[in-house]
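Below is one structure; the comments refer to it alone.
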Amino acid sequence: MAFAVVHSRALRGLEAPAVTVEVHLANGLPSFTLVGLADTEVKESRERVRAALQTSGLEFPHNKRVTVNLAPADLPKESGRFDLPIALGILAAAGQIDAARLEAFEFAGELSLGGDLRPVHGALAVGLALHRGATSVERARTLVLPAASADETASVGGLSVRGASHLLDVVRALLPGDAADASGLREAKPLCRAAAPSLPDLRDVRGQAGAKRALEIAAAGELSLLMIGPPGTGKSMLAQRLGGLLPELSHEAALESAAILSVAGAFNAACWGQRVLRAPHHTASAAALVGGGSPPRPGEASLAHHGVLFLDELPEFPRAALEALREPLESGRIVVSRAARQADFPARFQLVAAMNPCPCGQLGNPAKACRCSPDAVLRYQARISGPLLDRIDLQVEVPAVAAELLAGAADGEASSVVRERVAAARGVANARQGSSNGALAGDALDLHCALDAASSRFLQSAAERLGWSARGFHRVLRIARTIADLADSRAIAITHLGEAIQLRRVLQTH
């Protein structure tokens, strides 16, 4: 009888709870049993581990009863990340490697039938969870991962991470005595921030001065934006240029964004440190937008964390999918609950949406007559519920552009010029309150958006005439605070409030 313990990690949302892989070898009828609430992918590791050990020239204990327990037993385990720790536990229990050395390491990796180590989803999330919540003993361990996953995990900092390409590289480092050779475990190197991508320039959009101004305010305040106008007026072009106006991500924000992408298997090392633009098709379901499945996976709203979520043809999205965005627009988090498990994903995204004003799309177009009846227009616009619309900060009309303007030279400012103003305004807000204006709430909103007597009377009068909710009232304050920051004004003036009010009334005027 022999016994070995190997340390590993599971994934539960962005959390990485510790998993102890216990391997027991005993005499009896030969078998290979895996217990511990493992799903199908984990149970299939029995065949991958057996084949990988044999093709690597290592001995599998065919004449033993092999029992592998993934503890704790009530924690669901999924994916092939436990292949490597299971294989090492079998080798340690059989005496082929030094079991005492396993205590200094944590392992994760999927094995090919030939013994190669394949990357695992969520490696960066594991590193981030270790950095934030692990005990001193856990942080002292060296994390051994497939070479393709090690560098992204090392970007977290403060962790000892090694990368390996083959099972034999890990085995040689764990051989007894002087036979150990750790040269196959290379030290992981943090990823370098990717060069700024060549994004579309704001000058490419002809005309649309009002929409460009709204885009600048949205970028400066981290505010949501809805653009309404006929087809082909530049709504999608404007949305695609928002990323070029946003400041560079901080290291912590870049880690959080990359960790979610890593969990979904969508992380690209070449885009490390860049803001994400997610643009799902309008047939996307509620689960696709906010997350779901078993085990729960992040949706488009979480994948756009610290980036931009662009919803084109907004009324064409399923009603349930749009309504599912209400909570994350307010809280910046999504909790996906299932009968057996729960996952918490961050979702602090910047929503940009576009829609036509009516089914035919020509309402308000001076060049083409609208064919829709008033009832059809109301039904179409009613696909966007009042509660969801109330949560969108800015609403701006994007009218049709005259042909002579389209044929002329590019006009307006370049993205680089606008980005400098946006960065300056965000810098003012962060220095004043430690967050963007879009995140202001409660006492902080009252403190940093205080109005003088005349401005307060003006805003109250507008709120009564337009029938705003308390949420709408506060969102106008955030917009006005952003406009004041762009104007380098310490106080919010009536002119700032007037512009803010105009930017929340477009859809209601049709």
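This note's numbering numbers the first residue of the sequence shown as 1 and each following residue consecutively. Yeah, the Cβ is synthetic: ideal placement off N, Cα and C, and Gly gets one too. These figures come from a predicted structure and were not determined experimentally.
Under 9 angstroms between C-beta atoms of residue i and residue j
| i | j | result |
| --- | --- | --- |
| A188 | G163 | yes |
| L202 | L215 | yes |
| Q362 | P315 | no |
| S224 | V396 | no |
| T140 | A104 | Note on identity: in this sequence residue 140 is Ala, with Thr being the wrong assignment. Result yes, Cβ atoms of A140 and A104 sit closer than 9 angstroms. |
| A147 | R186 | yes |
| V476 | A484 | no |
| S436 | A429 | yes |
| G386 | E222 | no |
| M513 | D204 | Residue coverage of the chain in this structure runs from 1 to 510, which leaves residue 513 outside it and unanswerable. |
| L167 | S79 | no |
| C449 | A480 | yes |
| A400 | A367 | yes |
| L91 | L29 | no |
| Q274 | A194 | yes |
| L503 | I260 | no |
| L303 | A343 | no |
| A487 | D452 | no |
| G154 | L191 | Rather than Gly, the amino acid found at residue 154 in this sequence is Ala. Yes; because the gap between Cβ atoms is below 9 angstroms, this pair is in contact. |
| A10 | L124 | no |
| G307 | V276 | yes |
| R206 | L466 | no |
| A288 | A339 | no |
| E256 | L128 | yes |
| L117 | S165 | yes |
Cβ separation of residue i and residue j, assumed to be a contact under 8 angstroms, to the nearest whole Å
| i | j | result |
| --- | --- | --- |
| V170 | S149 | Contact flag wrong, Cβ pair sits at about 14 angstroms. |
| G95 | V68 | That belief does not hold up - the Cβ atoms of G95 and V68 are roughly 17 angstroms apart, past 8 angstroms. |
| S305 | A347 | Per the sequence shown, the amino acid found at residue 305 is His instead of Ser. Right, their Cβ atoms sit about 6 angstroms apart. |
| K64 | A26 | 7 angstroms |
| L70 | G109 | The Cβ separation is near 15 angstroms, so there is no contact. |
| V422 | L245 | 5 angstroms |
| S285 | P318 | 6 angstroms |
| L113 | A51 | 4 angstroms |
| A239 | F310 | 5 angstroms |
| L325 | L388 | 7 angstroms |
| A16 | L143 | Rounded, the Cβ-Cβ distance is 10 angstroms, inconsistent with contact. |
From the options, residue whose alpha carbon lies closest to that of residue i
| i | options | result |
| --- | --- | --- |
| E22 | A16, S31, S8 and L14 | S8 |
| D74 | D39, Q433 and V6 | D39 |
| R241 | K212, L226 and A134 | K212 |
| F345 | L226, P295 and A493 | P295 |
| V66 | V49, L322 and D485 | V49 |
| E313 | A108, R371 and I384 | I384 |
| L394 | R465, T482, G434 and A253 | T482 |
| V126 | E330, L311, L14 and G299 | L14 |
| E330 | P357, A339, A301 and P318 | A301 |
| F32 | R81, E256 and I86 | I86 |
| A441 | Q460, G472 and E413 | G472 |
| T20 | F3, V290 and L447 | F3 |
| D151 | L11, S262, A180 and S250 | S262 |
| E44 | A454, L84, R379 and P17 | L84 |
| R391 | S469, A425 and G307 | S469 |
| A369 | P230, L111, Q208 and A93 | P230 |
| V5 | V42, I97 and T233 | I97 |
| G177 | G299, L459 and R101 | R101 |
| V42 | R12, P72 and R81 | R81 |
| N268 | Q460, C372 and G122 | G122 |
| L249 | V144, A324, G427 and Q208 | G427 |
| R457 | E59, L497 and M355 | L497 |
For residue i, the residue or residues it bridges with in DSSP
| i | result |
| --- | --- |
| E397 | I228 |
| D116 | H166 |
| K77 | A38 |
| F32 | V66 |
| H24 | F3 and T67 |
| S160 | T142 |
| L261 | None; L261 has no bridge partner. |
Which runs of the beta strand (DSSP E) fall wholly inside the stretch 277 to 357 and span at least 3 residues, in chain order? 308 to 311, 333 to 337, 342 to 346 and 350 to 355
Completely contained beta strand (DSSP E) runs for the stretch 172 to 256, where each covers 3 or more residues: With a minimum length of 3 residues, the continuous beta strand (DSSP E) runs that stay inside the stretch 172 to 256 are 225 to 228.
Hey, which unbroken runs of the beta strand (DSSP E) at 3 residues or more fall wholly within the stretch 449 to 510? none
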